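The sequence shown: position 11 = 930 (the numbering used here), numbered continuously.
Just below is one structure, and these are the notes that go with it.
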Amino acid sequence: MDIQYILIGILQGLLEWLPVSSSGQIAIFYSRILGLDPLEGYRIGLAAHIGTALSAIVYFRGELKSILTRDKGNTWLRVLTIPSLSAAPVGYIIYLYIVGWGAPFLELLTGIALIITGLILYIFGRYGFRVAEDLRIKELVFVGLIEGLTIIPGLSRSALTIAALSILGLNSEDTIRASFIMAIPVTVSAGLFQLVGSDIVSMNEFYEASKLLISSFLTGLATIGLITSIAKKFRS
């Protein structure tokens, strides 16, 4: 039995919540460990984001409902929509270039992007005192444009959005919350594009696609619980 989809789903679930770029790590794993086309691994990794996005929605469903139903001035609705709308065209254009230039370029780009992610994590680690209500539309557009760049394998979405929000002076709690909220529409859209708009997972491979999504969903759900419990212990 071909278990590559299960392995990719598990890897996606383990790495999605860490600032290490799951898509970049999956492309490397697909190429160097499985010995397969890294470009195919990159596209399958994007599709696997649907599973982890659903696991985040399930795990944080109570908080997510509270955020959206008690949203004064539609602050969090803007955080949910504006960055995603500005990220979409940027991400799509970059994606077309990546696919068009092929596997050798993808591997080089992934290596460079991973170094950039490491530098971002090292340089940007300070938060401000602003709250989400203070964010203006042009600032949310700026964050969305940065988020669009994370279609590049090796650039961590969480690392770049947290860095962008910290540059804008947002406090730590709202920064983490905003980064999580922004992830949902972007990752679901990117994953659906791979499932519906490409031949990576065709109707003939529906069973393989289900293995990918189920494994990423279950692993992602377990990983969220583990990371959350560890964070609570360090906080107490």
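The C-beta atom is built at its ideal place from N, Cα and C for all residues, glycine as well.
Quantities reported herein were computed from a predicted structural model and do not represent experimental measurements.
field: Nonlocal neighbours in the same chain, by C-beta distance under 6 Å from S1098, ignoring five residues either side
entry: The residues are S1077, T1080, I1081.
message: So, for Y949: in the same chain, excluding its five sequence neighbours on each side, which residues have a beta-carbon less than 6 Å away from its beta-carbon?
response: L955, P957, G960
task: Starting from the Cα of V1050, find the closest Cα among Y924, S1134, W995, I969 and give me that residue.
output: Of Y924, S1134, W995, I969, the residue nearest in Cα terms is W995.
query: If L930 sits next to I945, beta carbons under 8 Å apart, how far is it from one beta carbon to the other, in whole angstroms?
result: 6 Å
message: Quick check: what's the CA-CA separation for L1137 versus S1005?
response: 30 Å
field: Separation of I1001 from A967, as counted between CA atoms
entry: 24 Å
DSSP beta-bridge partners of R1049: L1089
- request: Would you identify the three-state DSSP class for F1125, choosing helix, strand or coil?
  value: helix
task: Verify whether the separation of the beta carbon atoms of G1067 and G1110 is less than 8 Å.
output: no
- prompt: Buried or exposed: S985, going by 16 or more other Cβ atoms within 10 Å of its Cβ?
  reply: exposed
query: Between the Cα of L987 and the Cα atoms of G1139, R1096, L1140, I1146, which residue gives the shortest distance?
result: R1096
task: Go ahead and pull the three-state DSSP assignment for F948.
output: helix
- prompt: By a C-beta neighbour count over all protein chains shown, 10 Å radius and 16 as the cutoff for buried, is T1106 buried or exposed?
  reply: buried
- prompt: Hey, would you say A1102 sits closer than 8 Å to A975, going by beta carbons?
  reply: yes
query: How big is the Cα-Cα spacing for V977 and S941?
result: 20 Å
- request: Leaving aside the five residues before and after L1033 along the sequence, list all residues of the same chain whose C-beta is less than 6 Å from its C-beta, in chain order.
  value: G943, G1073
field: Span of the alpha helix (DSSP H), counted from its first residue to its last, around V1018
entry: 994 to 1020
query: By Cβ distance below 7 Å, which residues in the same chain neighbour E1058 in space, the five residues on each side in sequence not counted?
result: L1087
- request: Using only alpha-carbon positions, find the residue among I1143, R997, W1020 that is nearest to V1060.
  value: Of I1143, R997, W1020, the residue nearest in Cα terms is R997.
message: For P1104, tell me which candidate among K1130, I1133, A972 has the shortest Cα-Cα distance.
response: A972
message: Quick check: what's the CA-CA separation for N1090 versus L1084?
response: 9 Å
- request: For K1130, collect the residues of the same chain with a Cβ closer than 6 Å to its Cβ; drop the 5 residues on either side in sequence, then sort them by chain order.
  value: Y924, I925
query: From F1024 to R951, what does the alpha carbon distance come to, in whole angstroms?
result: As the crow flies, the alpha-carbon of F1024 is around 15 Å from that of R951.
message: Just to confirm, is the Cβ distance from L1132 to G928 under 8 Å?
response: yes
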